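Every number in the working numbering is 801 more than the matching position in the sequence shown, counting from 1.
Backbone N, C-alpha and C define an ideal beta-carbon position, used for all residues, glycine too.
Because the structure is a prediction, the values reported are computed rather than measured.
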Amino acid sequence: MHRTLVAAVAVVALIAPSARPAEGDASAAREAARSSGAPLVVIDPGHGGSNVGSMGLGGVDEERITLTVSRMLRRRLKLRGMEVALTRERNGYVTLSERVRRANAAGARLFLSIHGNTSPGHDARGVETYVAAHEVVDVAADRAAAAEKDPVAAIRARAQVRQVAADSERLARALQGRLVKVRDGDRGVRQHAWDVLDGVRCPAVLVEIGFIDHPVEGAELLQAETLRRVADALADGIGDFLAAPAAPPQVLPAPRSRPVLRAAAGPRR
Ligand SMILES: [Zn+2]
């Protein structure tokens, strides 16, 4: 227990207050990304303020661990030439919809929400990465289509939402693939109706970097070295995602007036 508390203090000490508000950080990063052409990554340190999240070993709040990893990840991505904004810079309360709004306003190339897991028996361990639930994507596609007056624009808007969802899954697999190289326990890529992923207009995922209440894994996640390795893995996963060629755009259905080609007609040149 004493070792755990010492480790907890080490994590807390890593989190120094920052003078820069998240909003200013996001707009500065947006402008820098515009002028340099570098991809802008928005990192969302889960929870904060009155929303402390779950409690880990040694009484360390989830929000402290997520903010620490987020800052470590920001440093690594900047070293790779990316622009980075955090949705919060300190232990402050930011609503989930505001986090989504900040990512969209910043014109993020991708969005990553970082969390620590817990289980009722404090006995689960491992890493998992989430994308928005397919039903949430369906509703978002309907909403995007309904906002368009022109039927072709509506089809395009719907396809755009589906493309972002497909890219989110690609991002999730890239991150999970790297996380399982540094952490035990592959819990896979999953879907869930997380509010913080609903309405993000770029590839968006939520990573659970481990169970902070597990007697072994939770203690490991209080070690700065473990968090550095997690941040390394997340940076590598983002690098993998950005380096891989994007999936081809979805084939759009023809406008309703266009006749369906018959397979028997064969190709014409
Ligand atoms: Zn959480």
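Asked, Found
"Residue environment, L1074, which counts as buried when at least 16 other CB atoms sit within 10 Å", "Outside the displayed span of the chain (802 to 1070) sits residue 1074, for which this structure offers no information."
"Cα-Cα separation between L1007 and E864, rounded to whole angstroms", "14 angstroms"
"DSSP beta-bridge partners of D1033", "D1033 pairs with nothing; no bridge assigned."
"Per DSSP, the bridge partner or partners of G849", "N852"
"Per-residue DSSP class, three states only, for P822", "Because P822 carries a pLDDT of 46, less than 50, the predicted location of this residue cannot be relied on, and the following value inherits that uncertainty. Reduced to three states, the DSSP call for P822 is coil."
"Integer-rounded CB distance, given that G854 should sit under 8 angstroms from G847", "6 angstroms"
"Residue range of the beta strand (DSSP E) that includes A1005", "A1005 to F1012"
"H935 CB to nearest heavy atom of ligand 1 below 7 angstroms", "no"
"7 angstroms Cβ shell around G1000 - same chain, five flanking residues per side excluded", "V901 and A941"
"8 angstroms Cβ cutoff met for G927 and D862", "no"
"Nearest residue (CA-CA) to L868, options R881, V895 and G882", "V895"
"Straight-line gap, A934 to V885 (C-alpha atoms, nearest Å)", "26 angstroms"
"Nearest neighbour of L1035, chosen from I844, A827, A834 and S828 [CA to CA]", "I844"
"Cβ-heavy atom distance, H993 to ligand 1, below 7 angstroms", "no"
"Beta-carbon separation (whole angstroms), N905 vs R835, contact threshold 8 angstroms", "Not quite, the Cβ-Cβ distance comes to about 15 angstroms (not below 8 angstroms), so this is no contact."
"Counted within 10 angstroms of its Cβ, other Cβ atoms place R877 as buried (16 or more) or exposed", "buried"
"Straight-line gap, P1004 to V937 (C-alpha atoms, nearest Å)", "14 angstroms"
"Exposed unless 16 or more other CB atoms sit within 10 angstroms - verdict on D968", "buried"
"Residue(s) in a DSSP beta bridge with Q992", "V932"
"Contact check, F912 vs R971, beta carbons under 8 angstroms", "no"
"Identified DSSP bridge partners for H916", "E1009"
"Span separating the alpha-carbon of Q977 from that of I956", "32 angstroms"
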